[in-house]
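Residues in the sequence shown are numbered consecutively from 136, following our numbering.
Every residue gets a Cβ at the ideal spot worked out from N, C-alpha and C, and that includes glycine.
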Amino acid sequence: METIGNYLKQQREKAGVSLEQIASATRIRSSLLQSLENDRLDVCPQGIFLRGFVRSYMEQLHSPPDRALDILDAQTSPAAMASPFAGLPAHENETGGRRFKVAHLLVLVFAMLAMLSAYFLTDTVRNGSQAVTSMEATDADSGTTRTFSPVNAEK
């Protein structure tokens, strides 16, 4: 497959024009034009801007831009720019996501249980129980019962 960079460079050399001359005439930085000729499309603006650069480049060579644009379209099509992960089985990509979701679900369930436990425990303390004001104890040896109060200590 012919690349856009090779095609542009061949056309420029055939016309006897330097890269700096094209940069000056098109007002496109020579570093971008160099990247374009080196097929470094990742550092070039994409979409309509890239097509405009190629069109301007070819116009400076007094050549029709149609062939260059066709090569560019073929090189930048979604099929040509497939993801490097496209060959991986789908389950490998999904497994990590599924584990992540299960972990989040477990954390959420434990958080809900903790919140419900805290709510019911504090509600029981507020509504159902009273503070200990006194306590009775029976002496096992003598059989006498005594009352102890934390507020009124025995003297």
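Please report the distance separating the alpha-carbon of residue i from that of residue j.
i: G151; j: F235; result: 59 Å
i: T138; j: A238; result: 47 Å
i: L143; j: F188; result: 11 Å
i: A253; j: L243; result: 15 Å
i: Q169; j: V178; result: 11 Å
i: L251; j: E271; result: 35 Å
i: R281; j: T273; result: 6 Å
i: S166; j: E155; result: 10 Å
i: I157; j: R190; result: 12 Å
Using the rule of at least 16 other Cβ atoms within 10 Å of the residue's Cβ for burial, across every protein chain shown, is residue i buried or exposed?
i: I206; result: buried
i: L241; result: exposed
i: R147; result: buried
i: I334; result: Because the chain in this structure spans residues 136 to 290, residue 334 falls outside the shown range and cannot be described.
i: M136; result: exposed
i: F255; result: exposed
Starting from the Cα of residue i, find the closest Cα among the options and give me that residue.
i: G185; options: H197, A203, S159 and E155; result: Correcting the residue identity first, residue 185 is Leu in this sequence and not Gly. Here the closest residue by C-alpha is A203.
i: R162; options: Q195, G140 and R281; result: Q195
i: S198; options: N141, K149 and T211; result: K149
i: Q210; options: T282, N141 and L256; result: N141
i: Q145; options: A158, P180, G278 and M193; result: M193
Open item on the list: Whether or not the region 238 to 250 and the region 161 to 176 are in contact is what I'm after, with contact meaning three or more pairs of Cβ atoms, one per stretch, closer than 8 Å; do they touch?
Closed with: no
Task: Length-filtered (3 minimum) beta strand (DSSP E) runs lying within the region 170 to 214 - done: none
Task: Within the region 136 to 168, ranges of the alpha helix (DSSP H) (whole runs, at least 4 residues) - done: 139 to 150 and 154 to 161
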